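For reference, the structure is listed below as structure tokens.
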């Protein structure tokens, strides 16, 4: 195991004052800090050095912290997937960006956090004292696709349980407390509606993903109102189920962690409510109503131009 004096921290932020403060604290703790002012500079450095931990600011000019993280966890950068990532955020959701918190992010700290809090977080992650593990998964189904989905999650480090009927599914929910539940609609002995209600009561914050036999928008809306995080149509490829589950779990983790954050006129918009109304935009699994999606009517032309510029920057990396 590396000593603290030999550990390398990659710090990505376009705030020079923040870089100075964080670097000073971590260097006093004996760590080597490699500061980067933007994401392209960080990727250039990653070609030469493999850090022990990465700290990135969320809101940055150009490529923001969410997109940086998503790139880090993408297939071309698989050798870097085991590196812990800490996100520093003034707001836990990128306003208007649609970038979702991924479960593989190891910590999210507010920008006004005391430097010692960040230092302790880095210590815990590097020393292995922090809990870092893939979310538990429960797959409810008996067909070959269900088994393939289970193997897909297992191959990515998840602890997977499989259930073939309602009673076994409830038993495993109680024993495992899974964060992700994949339900194959129409499984013999399993009433999907009743099961979704049970999962909402027993595994608060879990993400049920329903795999439907045929496309049925009205049924999908009904399942969503019952707490399903997403509905996919069979035969859904295991990779699609996996990515959908990761995104959904990220949203619910974000909502749960920011449940008590102010969303009034004086507070920052945190992604839980639409700027135009107080209705939830994302389904957090606790409401009984259908999810309302409000269009973004402010500066749509500018947002589109910024999105195109951002994609062009990504291509240049």
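Numbering (my numbering), first residue to last: 2 to 318. All residues carry an ideal CB built from backbone N, CA and C; glycine is no exception. For clarity, every value in this text was computed on a predicted model and none was experimentally measured.
Exposure label - residue i; buried when at least 16 CB within 10 Å
i	result
residue 238	exposed
residue 51	exposed
residue 78	exposed
residue 249	buried
residue 65	buried
residue 80	exposed
residue 247	buried
residue 180	buried
residue 229	buried
residue 45	exposed
residue 162	buried
residue 231	buried
residue 18	exposed
residue 219	exposed
residue 76	exposed
Beta-bridge pairing of residue i - partner residues as DSSP gives them
i	result
residue 179	BP columns for residue 179 are empty, so no partner.
residue 49	For residue 49, which the question treats as bridged, DSSP gives no partner whatsoever.
residue 23	Paired residue(s): none; residue 23 is not in a bridge.
residue 196	Its beta-bridge partners do not exist; DSSP assigns none.
residue 185	212
residue 57	13 and 88
residue 240	Residue 240 is not bridged to any residue.
residue 163	140
residue 231	210
residue 109	88
residue 218	Paired residues: none, contrary to the question.
residue 36	12
Close-in-space but distant-in-sequence residues of the same chain around residue i (CB under 6 Å, 5 per side omitted)
i	result
residue 189	none
residue 9	33, 52 and 53
residue 164	141, 170 and 173
residue 243	153
residue 221	232
Among the options, the one whose alpha carbon lies nearest that of residue i
i	options	result
residue 43	69, 30 and 59	69
residue 109	158, 141, 59 and 83	59
residue 183	218, 172 and 146	146
residue 160	75, 150, 200 and 169	150
residue 83	90, 74, 48 and 37	74
residue 195	40, 224, 205 and 143	224
residue 39	61, 118, 241 and 18	61
residue 209	67, 156, 218 and 137	137
residue 240	193, 152 and 7	152
residue 57	89, 71 and 127	89
residue 167	193, 144 and 76	193
residue 14	91, 29, 49 and 127	91
residue 127	207, 47 and 55	55
residue 24	117, 47 and 49	117
residue 125	155, 29, 158 and 87	87
Nearest-angstrom beta carbon gap, residue j and residue i [assumed within contact, 8 Å]
i	j	result
residue 85	residue 113	22 Å between Cβ atoms; not a contact.
residue 203	residue 175	6 Å
residue 12	residue 37	7 Å
residue 233	residue 212	5 Å
residue 139	residue 177	6 Å
Other residues of its chain near residue i: CB distance less than 8 Å, five sequence neighbours each side excluded
i	result
residue 303	Legend: pLDDT at residue 303 = 47, less than 50; position of this residue unreliable, no value from coordinates given.
Residues of its chain near residue i, where Cβ-Cβ distance is below 7 Å and the 5 sequence neighbours each way are ignored
i	result
residue 214	186, 187 and 235
residue 27	10, 34, 120 and 123
residue 72	78
residue 16	58
residue 144	185
residue 199	171
residue 216	234
Test: residue i CB closer than 8 Å to a CB of chain C
i	result
residue 214	The chain labelled as chain C is not found in the depicted structure, where only one protein chain is given.
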